[in-house]
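Enquirer:
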Amino acid sequence: MTANAADGSPLPSRLPALRGAAMLRNAGASIPPSWYVVAGILSIQAGAGIAKNLFTVLPPSAVVWLRLLTSAVVLMALVRPRLRGHTRADWLVAIGFGVCLATMNFSLYQAIARIPLGIAVTIEFLGPLAVAVAGSRRRVDLLWVGLAALGVVLLGYGDGHVTLAGVAFALLAGAAWAGYILLGAATGRRFPGTSGLAIASVAGAVLVAPAGIAEGGAALLDPRLVVIGLLVGLLSSVIPYTLEMHALRRMPPRVFSILMSLEPAAAALIGLLLLGEILTIGQWAAVACVVAASLGATRTERTRAAREAGPPPAPDPGER
Numbered sequence: 001m002t003a004n005a006a007d008g009s010p011l012p013s014r015l016p017a018l019r020g021a022a023m024l025r026n027a028g029a030s031i032p033p034s035w036y037v038v039a040g041i042l043s044i045q046a047g048a049g050i051a052k053n054l055f056t057v058l059p060p061s062a063v064v065w066l067r068l069l070t071s072a073v074v075l076m077a078l079v080r081p082r083l084r085g086h087t088r089a090d091w092l093v094a095i096g097f098g099v100c101l102a103t104m105n106f107s108l109y110q111a112i113a114r115i116p117l118g119i120a121v122t123i124e125f126l127g128p129l130a131v132a133v134a135g136s137r138r139r140v141d142l143l144w145v146g147l148a149a150l151g152v153v154l155l156g157y158g159d160g161h162v163t164l165a166g167v168a169f170a171l172l173a174g175a176a177w178a179g180y181i182l183l184g185a186a187t188g189r190r191f192p193g194t195s196g197l198a199i200a201s202v203a204g205a206v207l208v209a210p211a212g213i214a215e216g217g218a219a220l221l222d223p224r225l226v227v228i229g230l231l232v233g234l235l236s237s238v239i240p241y242t243l244e245m246h247a248l249r250r251m252p253p254r255v256f257s258i259l260m261s262l263e264p265a266a267a268a269l270i271g272l273l274l275l276g277e278i279l280t281i282g283q284w285a286a287v288a289c290v291v292a293a294s295l296g297a298t299r300t301e302r303t304r305a306a307r308e309a310g311p312p313p314a315p316d317p318g319e320r
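Each residue of the sequence shown is one higher than the one before, counting from 1 in full-length UniProt numbering.
1. Ile-281: buried (16+ other C-beta within 10 angstroms of its C-beta) or exposed?
2. Sorted by chain position, which residues of the same chain lie with C-beta nearer than 8 Å to Ala-149's C-beta, five sequence neighbours on each side aside?
3. Exposed or buried, Thr-70, counting other C-beta atoms within 10 Å across all chains shown (16 or more means buried)?
4. Please name the residue in Ala-168, Ala-200, Thr-163 and Gly-216 whose C-alpha comes closest to that of Ile-181.
5. What do you get for Ala-134, buried or exposed, if any count of 16 or more other CB atoms within 10 angstroms of its CB means buried?
6. Taking the straight line between their C-alpha atoms, what separation do you get for Val-206 and Leu-75?
7. Leaving out the 5 sequence neighbours to the left and right, which residues in its chain are closer than 7 Å to Val-162 when beta-carbon positions are compared?
8. For Val-153 and Trp-177, what's the separation of their Cα atoms in angstroms?
9. Comparing C-alpha positions only, which one of Leu-58, Tyr-36 and Ala-39 sits nearest to Val-226?
10. For Leu-66 and Ala-102, what's the separation of their Cα atoms in angstroms?
11. Can you look up Pro-81 in the DSSP assignment and give me helix, strand or coil?
12. Mind checking which residues open and close the alpha helix (DSSP H) that includes Thr-122?
13. Given Gln-110, which residues of its chain have a CB within under 6 Å of its CB, disregarding the five upstream and five downstream residues?
14. Looking at C-beta atoms only, is the number of pairs between the region 89-102 and the region 263-278 that lie closer than 8 Å three or more?
15. On the three-state DSSP scale, how would you describe His-246?
16. From Leu-108 to Leu-235, what distance separates their C-alpha atoms?
17. Based on Cα-Cα distance, which residue from Arg-249, Val-287, Trp-284 and Ser-294 lies nearest to Val-37?
18. If you draw a straight line from the alpha carbon of residue 349 to that of Glu-277, how long is it in whole angstroms?
19. Check for me: the alpha helix (DSSP H) holding Glu-215 runs from which residue to which?
20. Under the three-state reduction of DSSP, which class applies to Arg-138: helix, strand or coil?
21. How far does the alpha helix (DSSP H) with Arg-190 in it reach, from first residue to last?
22. How long is the line joining the alpha carbons of Thr-242 and Gly-217, rounded to whole angstroms?
23. For Met-245, count the other beta carbons within 10 Å of its own beta carbon; 16 or more makes it buried, fewer makes it exposed. Which is it?
24. Apart from the five residues just before and just after Leu-295, which ones in its own chain have a Cβ nearer than 8 Å to its Cβ?
25. Do the region 85-99 and the region 186-203 meet, that is, are 3 or more Cβ pairs less than 8 Å apart?
26. Can you have a look at Leu-24 and say buried or exposed, based on whether 16 or more other CB atoms are within 10 angstroms of its CB?
27. How close, in whole Å, do the beta carbons of Ile-228 and Leu-54 come, if the pair is a contact with beta carbons under 8 Å?
28. Going by DSSP, what residue range makes up the alpha helix (DSSP H) through Ile-50?
29. Following the continuous alpha helix (DSSP H) through Glu-263, name the residue where it begins and the one where it ends.
30. Suppose you measure from the CA of Val-121 to the CA of Pro-264; what does that come to, to the nearest Å?
31. Where Ile-31 and Gly-151 are concerned, what is the direct C-alpha to C-alpha distance, given to the nearest angstrom?
32. Tell me the rounded alpha-carbon separation between Gly-166 and Lys-52.
33. For Gln-114, which three-state DSSP category applies?
34. Taking the alpha carbon of Phe-191 as the reference point, which residue from Val-73, Arg-80 and Thr-56 has its own alpha carbon closest?
See below:
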């Protein structure tokens, strides 16, 4: 007589499925967490590359709206945030977070519509770099600021692909990214888990909707274009966020921050492979300067924080 599970199904028939699930978990655990971070970075930039290819038939604002809409729908379905029990200040912070999210994505897509992807992301990365060194009185941080400034100067030497409007939008995206970091931290303190991000994604999608729908017009009725736009949302938001969460469970935030510094270089590489955007030697040097400045600022900030925190507490005998 065959033994039955609680749901009445024969246990032997369930064993292959259980073994398969266990194998998937073991396979995921065997993948180094750094690979998740790199895969997430490449996913974001691949999404941006696909988005830029869409700009000939779908305006950047429409693509941004589809990206934010995808992120909002998926996150709300997965997280199901609790909407009650929050103060007016909580909601203002979350909405401000959403405004920064929308501005960051809208400005970046406007920038890459005008200048190469690698250059746009390199300029945008000045935002988180500014947050890393803001308020610091350490002399070493002047080195990182100077190195980043040198990178910006080198970006101006090229074959005419760098326009003033593109640079201005990239700088606005960087400023919004800085606000995103600061308000994201504040939102995380007021909303549990990732519910704040889900709410911010909805706010961002609502904010961009008028421009996205008005400029997209009849093109948004083309199922093929909408599907590609939703793919951009998956590649640029849902997939990298999921990969980053997996990575952060298994690696220190310090290592995660250092790996994220590779994003400008990844953007330049994706721009070359997907879009055929060839940077000059000076522009590649600019990317290297900004990456090095970000790496340096991240490492020195983490070292300073660890020094100020003092020696770690003695381990709890009950913890592994």
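C-beta atoms are modelled at their ideal positions from N, C-alpha and C, and glycine is treated no differently.
Expert: This is what the structure holds:
1. Within a 10 Å sphere around the beta-carbon of Ile-281 sit fewer than 16 other beta-carbons, which makes this residue exposed.
2. Once the five neighbours on either side are set aside, Ala-149 has no close Cβ partner at all.
3. Under the 10 Å beta carbon count, Thr-70 is surrounded by 16 or more other beta carbons and is classified as buried.
4. The candidate whose alpha carbon is nearest that of Ile-181 is Ala-200.
5. Exposed.
6. Here the C-alpha atom of Val-206 lies approximately 15 Å from the C-alpha atom of Leu-75.
7. Counting only Cβ-Cβ distances below 7 Å, and skipping sequence neighbours, we find Ile-115, Ile-119, Leu-155 and Gly-156.
8. Going from the Cα of Val-153 to the Cα of Trp-177 covers about 21 Å.
9. Cα-wise, what sits closest to Val-226 is Leu-58.
10. Looking at the two C-alpha atoms, the distance is approximately 12 Å.
11. Coil at Pro-81, not helix or strand.
12. First-last of the alpha helix (DSSP H) with Thr-122: 117-124.
13. If we look at Gln-110 and ignore the five residues flanking it on each side, its Cβ neighbours are Pro-60 and Phe-169.
14. No, they do not touch.
15. In this structure, His-246 counts as helix in the three-state DSSP scheme.
16. Between the alpha carbons of Leu-108 and Leu-235 lies a gap of roughly 16 Å.
17. In terms of Cα proximity to Val-37, the closest of Arg-249, Val-287, Trp-284 and Ser-294 is Arg-249.
18. Beyond the ends of the chain as shown, which are 1 and 320, falls residue 349; an answer cannot be given.
19. In the DSSP annotation of this structure, the continuous segment of the alpha helix (DSSP H) that includes Glu-215 starts and ends at 195-216.
20. Arg-138 falls in the coil class under three-state DSSP.
21. It spans 164-190 - the alpha helix (DSSP H) in which Arg-190 sits, taken as one unbroken run.
22. Approximately 32 Å, taken between the alpha carbons.
23. Answer is exposed; the Cβ neighbour count stays below 16.
24. Counting only Cβ-Cβ distances below 8 Å, and skipping sequence neighbours, we find Ile-258 and Ser-261.
25. Segment contact: the region 85-99 against the region 186-203, three or more CB-CB distances shorter than 8 Å; contact assigned.
26. Low per-residue confidence applies at Leu-24: pLDDT is 38, beneath 50, and the placement is therefore not dependable enough to give any value.
27. Going by Cβ atoms, the distance from Ile-228 to Leu-54 rounds to 6 Å, so yes, they are a contact pair.
28. Its alpha helix (DSSP H) spans residues 33-54.
29. Boundaries of the alpha helix (DSSP H) harbouring Glu-263: 263-275, taken from the DSSP string.
30. Roughly 5 Å between the two C-alpha positions.
31. C-alpha separation (whole angstroms): 34 Å.
32. If you draw a straight line from the Cα of Gly-166 to the Cα of Lys-52, it is about 13 Å long.
33. The sequence shown places Arg at residue 114, rather than the Gln named in the question. For Arg-114, the secondary structure class from DSSP, reduced to helix, strand or coil, is coil.
34. Selection Val-73, Arg-80 and Thr-56 evaluated against Phe-191 yields Arg-80 as nearest (Cα-Cα).
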